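See structure below.
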């Protein structure tokens, strides 16, 4: 009897899919369209409800949910594991867990990255979000601003090194193989910092970014030094040509001496 | 020293060489050192090539990377490679001048026909050395060059001989490498030895009645070699040999030009196709081999026409 009841219910039910959602939720669908999440297969049901069997009039069921702030962080963290780990250690996670409608408690992923568009957050966006709750002169904002400036300098130094390496990629006489490794390490460090910045440990983050920037600058300076060293080959050539000229003078003098001897 | 001399006779051999180089020169023989300068460049090629062979990897997938490593990572690798590349250019240029000078003086005539023929064979081997050497970096230019050479060889039914298969690939590089580092040096050693022996036997044209000794040739040779070393060092250091893009690289040009010595054939082949290409490839060497046996006037007129044509085609090819 139970099996029969389930079968009858099942005939009236359907599996919820994104293409069914977007029939009504066109605006949200437009926001999600072409995002990285859509390309990665993260759809409506990923955040708003599982693809379990529900009644046709889904609003009356509990399977669909408006995404709550703590749930958002959990949902994002189910894929973005490393970022999530740092986020849950931060004061922002504690604040967001309250989710009582207060602006200061809306510090979840969506605050900086948006809901449906889910873009990478620019520094301007992040700082604007900070200022919604924190005073401009507050310790947090000052430290965050300082960190992001260091990150900006680091990113700039890394791009500069990459440009130089690309320019000298096929230049003879200038070794770059080991410095290409520095760029790889630099990119990895940048990725790590962008992840760990969600933990808001600004002092440590700034120290790490500064250390990475120093390593990148050292690689850039090493490259410039190698270019300078290669340019000094002209000095060696000058000395060598001088020696050759001296040899030529000696040969000519010897020839004249011999001619003089044979003439006398 | 006497112990070494008694057993090897090296001192006597050196005295004999000095005596041979101290023979008096005939009038108008200022260019007689060109052959010796060419031999100097051959020695440079052998030595620098041996050093390059330590790091070069003759593999289809690794050849380009190994050349990049030589040019960028190996200490003074760029210099050795630049010397090898520039010495090759200077060698072919010197041999061409030597050939034109001997032709203009009619020094190929009896009894020096064999000297001329061996010299022409040497010139052919050097052109082969230049072609196969250009292939070894396996950059875009090399692969394009191999395809063009295979297209010419197809007219003689020998495309597969150049490629080592139906397409330019790993077997092409293997045979180019073998040709460049084994067959070319062996041919050079044998032909240079024969050429020198013949020059020693017949002496320079016009020098037969001259007796005694003269230091003039040795002094000219010394100055010429100093000049050759200076020119080679300047070119190699001021203009280090570049690294071409690998085949199919985004910045690799679709069409490339051959080395300057092949420009006349490259330019002429633009207007010629089919069996006529065969004539283009065979007439110049056939003429050079026939020169000693042609009437002087016919040889001079034909040679002058061929030389002028080659120079004009070379300039057009370079400008195209």
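Protein chains in written order, with the working numbering: chain R, 1 to 264; chain V, 1001 to 1320. Note that the Cβ used here is the ideal one computed from N, Cα and C, for glycine as well. Treat the numbers as computed from the prediction; the structure is a model and nothing was measured.
When the Cα of residue i is compared with those of the options, which residue comes out closest?
i	options	result
residue 201 (chain R)	R:171, R:178, R:139, R:119	R:139
residue 1048 (chain V)	V:1319, V:1289, V:1200, V:1185	V:1185
residue 207 (chain R)	R:43, R:32, R:143, R:77	R:143
residue 177 (chain R)	V:1152, V:1263, V:1066	V:1066
residue 1060 (chain V)	V:1120, V:1170, V:1226	V:1170
residue 1315 (chain V)	V:1278, V:1266, V:1019, V:1287	V:1266
residue 134 (chain R)	R:153, R:151, R:91, R:121	R:91
residue 169 (chain R)	V:1245, V:1011, V:1209	V:1245
residue 1286 (chain V)	V:1124, V:1030, V:1054	V:1124
residue 1092 (chain V)	V:1034, V:1240, V:1024	V:1034
residue 1255 (chain V)	V:1145, V:1272, V:1283	V:1145
residue 1304 (chain V)	V:1018, V:1214, V:1023, V:1101	V:1101
Between which residues of its own chain and residue i is the CB-CB distance below 6 Å, once the five residues before and five after are set aside?
i	result
residue 22 (chain R)	29
residue 1247 (chain V)	1140, 1143
residue 35 (chain R)	118
residue 126 (chain R)	112
residue 141 (chain R)	130, 134
residue 1187 (chain V)	1125
Would you kindly report the start and end of the unbroken alpha helix (DSSP H) that includes residue i?
i	result
residue 214 (chain R)	202–231
residue 1209 (chain V)	No alpha helix (DSSP H) contains residue 1209 (chain V), which DSSP labels as neither H nor E.
residue 1055 (chain V)	1034–1055
residue 147 (chain R)	139–167
residue 98 (chain R)	91–98
residue 1251 (chain V)	It is not in any alpha helix (DSSP H) - residue 1251 (chain V) carries neither H nor E in the DSSP assignment.
residue 1264 (chain V)	1263–1268
residue 1175 (chain V)	1170–1178
residue 1096 (chain V)	1077–1105
residue 1194 (chain V)	1184–1202
residue 20 (chain R)	18–21
residue 1027 (chain V)	Careful: residue 1027 (chain V) lies outside any alpha helix (DSSP H) and carries neither H nor E.
residue 1287 (chain V)	1276–1290
residue 1132 (chain V)	1113–1135
Does the beta-carbon distance from residue i to residue j come in below 7 Å?
i	j	result
residue 85 (chain R)	residue 112 (chain R)	no
residue 1038 (chain V)	residue 1095 (chain V)	yes
residue 1292 (chain V)	residue 1113 (chain V)	yes
residue 209 (chain R)	residue 235 (chain R)	no
residue 1058 (chain V)	residue 1177 (chain V)	yes
residue 213 (chain R)	residue 157 (chain R)	yes
residue 1080 (chain V)	residue 1243 (chain V)	no
residue 174 (chain R)	residue 226 (chain R)	yes
For residue i, collect the residues of the same chain with a Cβ closer than 8 Å to its Cβ; drop the 5 residues on either side in sequence, then sort them by chain order.
i	result
residue 161 (chain R)	179, 182, 183, 186, 216, 219, 220, 223
residue 1159 (chain V)	1150, 1151, 1153
residue 146 (chain R)	202, 206
residue 1231 (chain V)	1090
residue 1302 (chain V)	1287, 1294
residue 1227 (chain V)	none
residue 1137 (chain V)	1063, 1064, 1067, 1243, 1244
What do you get for residue i, buried or exposed, if any count of 16 or more other CB atoms within 10 angstroms of its CB means buried?
i	result
residue 1086 (chain V)	buried
residue 1200 (chain V)	exposed
residue 1290 (chain V)	exposed
residue 60 (chain R)	The predicted position of residue 60 (chain R) is uncertain, since its pLDDT is 44 and thus under 50; a value taken from the coordinates is nonetheless stated next. Residue 60 (chain R) should be labelled exposed.
residue 26 (chain R)	exposed
residue 1043 (chain V)	exposed
residue 1182 (chain V)	exposed
residue 199 (chain R)	buried
residue 24 (chain R)	exposed
residue 1165 (chain V)	exposed
residue 79 (chain R)	exposed
residue 1270 (chain V)	exposed
residue 954 (chain V)	Lying outside 1001 to 1320, the shown extent of chain V, residue 954 (chain V) is not represented and no answer is given.
residue 1320 (chain V)	exposed
residue 1072 (chain V)	buried
residue 1001 (chain V)	exposed
residue 1134 (chain V)	buried
residue 167 (chain R)	exposed
residue 83 (chain R)	buried
residue 1032 (chain V)	buried
Please go through the same chain and pick out, in chain order, the residues whose beta-carbon is closer than 7 Å to the beta-carbon of residue i, but skip the five residues on each side of it.
i	result
residue 1003 (chain V)	none
residue 62 (chain R)	Caution is warranted here: a pLDDT of 47 is assigned to residue 62 (chain R), below 50, making its placement in the model unreliable, and the coordinate value is therefore given only provisionally. Once the five neighbours on either side are set aside, residue 62 (chain R) has no close Cβ partner at all.
residue 1147 (chain V)	1168
residue 1014 (chain V)	none
residue 196 (chain R)	86, 205
Please indicate yes or no: does the CB of residue i lie closer than 6 Å to some heavy atom of the ligand FAD?
i	result
residue 1075 (chain V)	Only the bare structure without any ligand can be found here, which leaves the ligand FAD out of the picture.
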